[in-house]
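Student: Have a look at this one.
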Amino acid sequence: MSDTDTNKDGIEDSAAPLIEHLAELRTRLIRAVLAFIVGIVVAFVVAEPILQFLLEPIEETLRELGDPNPTMQYTSPQEYLFTLFRISMVFGFALAFPVIGYQLWRFVAPGLYSKEKGAFLPFLIASPVMFLLGASFAHFVVTPLAMAFFLGFADVPSLIADLMRSVTGDLPENVPETAPVAEGIRITFFGKVNESLDITLKFIMAFGMCFQLPVLLTLMGKAGLVSSEGLRNVRKYAVVGILLLAALVTPPDIITQMILFVVVYGLYEVSIFLVTRVEKTREAKLRAEGLWFEDEEEGEDIDEDDEANT
Numbered sequence: 044m045s046d047t048d049t050n051k052d053g054i055e056d057s058a059a060p061l062i063e064h065l066a067e068l069r070t071r072l073i074r075a076v077l078a079f080i081v082g083i084v085v086a087f088v089v090a091e092p093i094l095q096f097l098l099e100p101i102e103e104t105l106r107e108l109g110d111p112n113p114t115m116q117y118t119s120p121q122e123y124l125f126t127l128f129r130i131s132m133v134f135g136f137a138l139a140f141p142v143i144g145y146q147l148w149r150f151v152a153p154g155l156y157s158k159e160k161g162a163f164l165p166f167l168i169a170s171p172v173m174f175l176l177g178a179s180f181a182h183f184v185v186t187p188l189a190m191a192f193f194l195g196f197a198d199v200p201s202l203i204a205d206l207m208r209s210v211t212g213d214l215p216e217n218v219p220e221t222a223p224v225a226e227g228i229r230i231t232f233f234g235k236v237n238e239s240l241d242i243t244l245k246f247i248m249a250f251g252m253c254f255q256l257p258v259l260l261t262l263m264g265k266a267g268l269v270s271s272e273g274l275r276n277v278r279k280y281a282v283v284g285i286l287l288l289a290a291l292v293t294p295p296d297i298i299t300q301m302i303l304f305v306v307v308y309g310l311y312e313v314s315i316f317l318v319t320r321v322e323k324t325r326e327a328k329l330r331a332e333g334l335w336f337e338d339e340e341e342g343e344d345i346d347e348d349d350e351a352n353t
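Using our numbering, the first residue of the sequence shown is number 44, and each one after it goes up by one.
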């Protein structure tokens, strides 16, 4: 057989597995997209109750500020439909994520060793759980505080006016004291549905991603990309970064910013603890296999050789 025939056979043999992998990827992607479409349809059916649920913090804040009938509006014919469709996209992906994650796992798992499968699978499960915790924290804690700050700030000028009136006692001329006093133009909140929803979803996405910090750092620690000592050494930089994050994603309210800082910094410390446990597990395994001491002796020999050469 000539060299040309041998090369052709080799190319054909290497191309066959590639075609199989591409066919497998196509199958997994089609199933993931179908699951996403089904999730969108299911979420669209209940999109209006979901919208009411997401706007509850604004409703409660308006009622606390004295509005007995909180009202939201939309200013274009297609705005409300697009708002419901946006909710369907977000929550449809959340509903389809188990299927999407399973398809991703089935595509990646055949190329992993058994120990790699055992290491990767818990993170695939922990990621949506942590995102759900972050989203819940944003909706039930952060969003009400933010709305109370934004909407309550509109009452500051009227409070100052009432305070000045009570101090000076000024009343318009030729008006009996029993007559109502005009207080200027009344400024009222007429919130748009899409803009209010945009604020809520931003908080949910931001805190959901922040709660991925322990999952990401632990996975990086398991891969050897970060160490607990390194995370401790950059702790002061992490504090500055978290403070900047709190200033960017929260309103200029010191209480909300401190809550975000405490939560995210706590997640950072939890990440250090988890990476430390990963390192101890790896060390115990190497010691059991007799590899840990060999690495230490080799490191000592290298240091001694370097000193001798110096």
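Even for Gly, the Cβ is constructed at its ideal location relative to N, Cα and C.
Which residue wins for smallest C-alpha separation from R71, given the options L61, L268 and Q146?
Tutor: Considering only alpha carbons, the answer is Q146.
Student: Inspect the CB distances between the segment 243 to 260 and the segment 176 to 185 and report whether three or more fall short of 8 Å.
Tutor: Flag = yes, the segment 243 to 260 and the segment 176 to 185 touch.
Student: Would you grab the beta carbon distance between T186 and F246 for me? Rounded to a whole angstrom, and I think it's under 8 Å.
Tutor: Contact flag correct, Cβ pair sits at about 5 Å.
Student: Measure the C-alpha to C-alpha separation of L259 and R325 and round it to an integer number of angstroms.
Tutor: Near 18 Å, if we compare the C-alpha coordinates of R325 and L259.
Student: With 16 other CB atoms within 10 Å as the buried threshold, where does S239 fall?
Tutor: S239 is buried by the Cβ-count criterion.
Student: Looking only at C-alpha atoms, which of A90, L105 and E63 sits nearest to F232?
Tutor: Closest option to F232, Cα to Cα, is L105.
Student: State whether the segment 276 to 292 contacts the segment 164 to 173, with contact taken as three or more CB pairs (one from each stretch) at a distance under 8 Å.
Tutor: No, the segment 276 to 292 is not in contact with the segment 164 to 173.
Student: Could you give the distance in angstroms between the alpha-carbon of F136 and the alpha-carbon of F128?
Tutor: The alpha-carbon atoms of F136 and F128 are separated by roughly 12 Å.
Student: Quick check on DSSP: helix, strand or coil for Q300?
Tutor: Of the three classes helix, strand and coil, the one that applies to Q300 here is helix, per DSSP.
Student: Checking 9 Å against the spacing of the C-beta atoms, do P113 and I130 come in under that value?
Tutor: No, these two residues do not count as a Cβ contact at 9 Å.
Student: Given a cut-off of 9 Å on the beta-carbon distance, is the pair M132 and I93 in contact?
Tutor: No.
Student: Does DSSP classify Q146 as helix, strand or coil?
Tutor: DSSP places Q146 in helix when its eight states are reduced to three.
Student: Under 7 Å Cβ to Cβ from V321, same chain only, skipping five residues before and after it: list those, please.
Tutor: T261, G264 and K265, listed in sequence order.
Student: Would you kindly check if the distance between the Cβ of Y311 and the Cβ of L274 is under 9 Å?
Tutor: Yes; because the gap between Cβ atoms is below 9 Å, this pair is in contact.
Student: If we count the other Cβ atoms within 10 Å of its Cβ and call it buried at 16 or more, is V24 buried or exposed?
Tutor: The chain is shown from 44 up to 353; residue 24 falls before or after that span and cannot be answered.
Student: What does the alpha-carbon distance come out to for the pair Q121 and F134?
Tutor: Approximately 20 Å, taken between the alpha carbons.
Student: Give the range of the alpha helix (DSSP H) segment to which A191 is assigned.
Tutor: Here the alpha helix (DSSP H) through A191 covers T186 to G195.
Student: Just how far apart, CA to CA, sit E63 and P141?
Tutor: Distance between the alpha carbons of E63 and P141 is about 25 Å.
Student: One question on the structure: do A181 and G251 come within less than 9 Å of each other, judged by their Cβ atoms?
Tutor: Contact: yes.
Student: Hey, how far is the Cα of K328 from the Cα of S157?
Tutor: When rounded, the distance between both Cα atoms is 16 Å.
Student: Is it the case that the Cβ atoms of M115 and L97 are separated by a distance below 9 Å?
Tutor: Against a cut-off of 9 Å, the Cβ pair of L97 and M115 comes out as no contact.
Student: DSSP three-state call for G342: helix, strand or coil?
Tutor: Residue placement at G342 is poorly supported in this model, since its pLDDT is 44, which falls under 50; the coordinates are not used for a value here.
Student: For a minimum of 4 consecutive residues, which ranges assigned as the alpha helix (DSSP H) are wholly contained in the segment 219 to 290?
Tutor: If we require 4 residues or more, the alpha helix (DSSP H) runs fully inside the segment 219 to 290 come out as 236 to 253, 256 to 265 and 271 to 276.
Student: Out of curiosity, what's the CA-to-CA distance linking G154 and L164?
Tutor: If you take the alpha carbons of G154 and L164, they lie about 14 Å apart.
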